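Have a look at the structure below, then the notes.
2 protein chains.
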Amino acid sequence: MSEIRRIGIVGGTGPLGRGLAARLSYKYDVLIGSREETRAEGAAEEVSRLTGRKVRGATNLEAARACDSAILALPDLAASELLQEMEKELGGKLVISPIVPMEMKDGRFSYSPSDGSAAESVASILDRSRVAAAFHTVPAPKLLAIGEKLEYTVPVAAERRETFKEVATIVSSIQDLRPLYAGPLSSARTIEALTPLLLNLGRLNGMKNLSIRMV
Amino acid sequence: MSEIRRIGIVGGTGPLGRGLAARLSYKYDVLIGSREETRAEGAAEEVSRLTGRKVRGATNLEAARACDSAILALPDLAASELLQEMEKELGGKLVISPIVPMEMKDGRFSYSPSDGSAAESVASILDRSRVAAAFHTVPAPKLLAIGEKLEYTVPVAAERRETFKEVATIVSSIQDLRPLYAGPLSSARTIEALTPLLLNLGRLNGMKNLSIRMV
Numbered sequence: 038m039s040e041i042r043r044i045g046i047v048g049g050t051g052p053l054g055r056g057l058a059a060r061l062s063y064k065y066d067v068l069i070g071s072r073e074e075t076r077a078e079g080a081a082e083e084v085s086r087l088t089g090r091k092v093r094g095a096t097n098l099e100a101a102r103a104c105d106s107a108i109l110a111l112p113d114l115a116a117s118e119l120l121q122e123m124e125k126e127l128g129g130k131l132v133i134s135p136i137v138p139m140e141m142k143d144g145r146f147s148y149s150p151s152d153g154s155a156a157e158s159v160a161s162i163l164d165r166s167r168v169a170a171a172f173h174t175v176p177a178p179k180l181l182a183i184g185e186k187l188e189y190t191v192p193v194a195a196e197r198r199e200t201f202k203e204v205a206t207i208v209s210s211i212q213d214l215r216p217l218y219a220g221p222l223s224s225a226r227t228i229e230a231l232t233p234l235l236l237n238l239g240r241l242n243g244m245k246n247l248s249i250r251m252v
Numbered sequence: 038m039s040e041i042r043r044i045g046i047v048g049g050t051g052p053l054g055r056g057l058a059a060r061l062s063y064k065y066d067v068l069i070g071s072r073e074e075t076r077a078e079g080a081a082e083e084v085s086r087l088t089g090r091k092v093r094g095a096t097n098l099e100a101a102r103a104c105d106s107a108i109l110a111l112p113d114l115a116a117s118e119l120l121q122e123m124e125k126e127l128g129g130k131l132v133i134s135p136i137v138p139m140e141m142k143d144g145r146f147s148y149s150p151s152d153g154s155a156a157e158s159v160a161s162i163l164d165r166s167r168v169a170a171a172f173h174t175v176p177a178p179k180l181l182a183i184g185e186k187l188e189y190t191v192p193v194a195a196e197r198r199e200t201f202k203e204v205a206t207i208v209s210s211i212q213d214l215r216p217l218y219a220g221p222l223s224s225a226r227t228i229e230a231l232t233p234l235l236l237n238l239g240r241l242n243g244m245k246n247l248s249i250r251m252v
């Protein structure tokens, strides 16, 4: 549990990955990972232009190897195979899952984990990592809108409070985000389910990029 | 779907029931129901003293019979037997479920519906009523603290948007509460699960009466 300086964002070329890369680049050395190195480099250049901070691109495997801590900005289905490939590289490291298994049916999002929660599935594959769940409800467009205040609560699930504290340091490095400990990884089920709830509330009430604040 | 003037709060002698009675008494004629009429009358007197508005007590059956709309301020286990007794009285009426099936284990709350959500179970019993789910995340002590601002979001689940609109009128009668439509009753599962999440976040982070605001 040495200090975390370099964060690897696995599958980081999408809006959430780029948004987290942008916001975290002010404090951390950030590596965006992708299956294709050229795509990762393209996303990294885009983020660097946005923030004026140096962000680099790499393959997912290289990002997992070179980082002190990884964030898995992956769609649910992609996760398990890729994680098995990276299990060794991520051993002994803090791994944060913002993964939300979701389905869209009849214009409505629903939470659809195969079993328990995505975070628990991640932990069962990465059994040598410290796995936590966080960042599910922070809208990617808001992360990418550098300068916009993010007065949101970020519920964090992790088996141990020490792991929560490591995650809290990373979350708090993004101005105004407020991490709260939600308990063990089984709590991730309710936290992950917040995302389809927020998306449905947004669609049904004509609101964009809804997030959550516990008050 | 005539105008709602009289609201019956079934099982309304606990903190949530008294809190809702107090806040709703400014716009509605409120009846607090209980198995024992004397307990209902005691709670009604207490609320009347708090608000200066006339609130009456009655048996649950009488409250169900005399109201235009009912709120079920019941612990989960009590619900099904009692609801079967009141099924006829509540037929054709708007019925709001704030019920949250919860267990406490090892100092941690977990959501424990027998099947689907409490609101769906209520709807399966009261099949001649318009059932909606609301008010799960508004802390009872805050409702009872008359004068305190309640700047919270109240997610509402109901099969039809017309039913949501009826609920929204009731929710909005309490100053600063903001109702949002969350979709059909199956969404109640995620909404009900917010309560144990909030309770755990409160306990684990030293915060009291946490509620939720979608921003």
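Sequence lines, in order, name chains C and P.
All letters in the first sequence, in the order written, are residues 38 to 252 by the numbering used here.
All letters in the second sequence, in the order written, are residues 38 to 252 by the numbering used here.
Cβ atoms here follow ideal geometry from the backbone N, Cα and C, with glycine treated the same way.
Computed from a predicted model, the values in this text were never measured in an experiment.
- Within the region 81-138 of chain P, the beta strand (DSSP E) runs of at least 3 residues that lie entirely inside it are, in chain order, 93-96, 106-109, 131-134.
- With a 10 Å radius around the Cβ and a threshold of 16 neighbouring Cβ atoms, C/Glu126 comes out buried.
- By the neighbour-count criterion, in which 16 or more other beta carbons inside 10 Å mark a residue as buried, C/Arg42 falls on the exposed side.
- Proximity of chain C to P/Arg250 at the Cβ level (cut-off 7 Å) is accounted for by Arg250, Val252, in chain order.
- Nearest neighbour of P/Val132 by Cα position, chosen from P/Gly184, P/Arg55, P/Asp164, P/Asn246, turns out to be P/Asp164.
- Under a 10 Å Cβ-count criterion, P/Met251 is classified as buried, with 16 or more other Cβ atoms of the shown protein chains found around its own Cβ.
- In this structure, P/Ala95 lies near P/Ala77, with their beta-carbon atoms less than 9 Å apart.
- Approximately 7 Å separates the beta-carbon atoms of C/Leu53 and C/Pro135; this is inside 8 Å, confirming the contact.
- Assignment of C/Pro216 by DSSP, reduced to helix, strand and coil, places it in the strand class.
- Under a 10 Å Cβ-count criterion, C/Pro112 is classified as exposed, with fewer than 16 other Cβ atoms of the shown protein chains found around its own Cβ.
- At a cut-off of 9 Å between C-beta atoms, P/Glu188 counts as an interface residue with respect to chain C.
- At least one CB of chain C lies nearer than 9 Å to the CB of P/Thr227.
- Within 8 Å of the CB of C/Pro192, the CB atoms of chain P belong to Leu234, Leu238, in sequence order along the chain.
- Taking 8 Å as the upper bound for CB-CB distance, P/Glu196 and P/Leu222 are in contact here, some 5 Å apart.
- By the Cβ rule, the region 56-70 of chain C counts as touching the region 175-193 of chain C, because three or more pairs are nearer than 8 Å.
- Identification of chain P residues near C/Arg197 by a Cβ-Cβ cut-off of 8 Å yields none; the smallest Cβ-Cβ distance measures about 12 Å.
- Comparing C-alpha distances from P/Met244 to each of C/Leu241, C/Asp143, C/Ala219, C/Ala155 shows the shortest one belongs to C/Ala219.
- Looking at the backbone, the Cα of C/Met123 and that of C/Gly49 are separated by about 15 Å.
- Chain P places no beta carbon closer than 9 Å to that of C/Met139, leaving this residue out of the contacts.
- Scanning chain C for C-beta atoms nearer than 8 Å to the C-beta of P/Ala182 yields nothing, as the closest lies near 14 Å away.
- Between the region 224-240 of chain C and the region 65-77 of chain P there are fewer than three inter-stretch CB-CB distances shorter than 8 Å, so the stretches are not counted as touching.
- Per DSSP, reduced to three states, the secondary structure at C/Leu187 is coil, with no helix or strand assignment.
- By the criterion of a C-beta distance shorter than 7 Å, P/Gly51 is surrounded in its chain by Ala110, once the five residues flanking it on both sides are discounted.
- For P/Leu68, the enclosing beta strand (DSSP E) has its first and last residue at 66-71.
- The Cβ of C/Ser223 sits closer than 9 Å to at least one Cβ of chain P.
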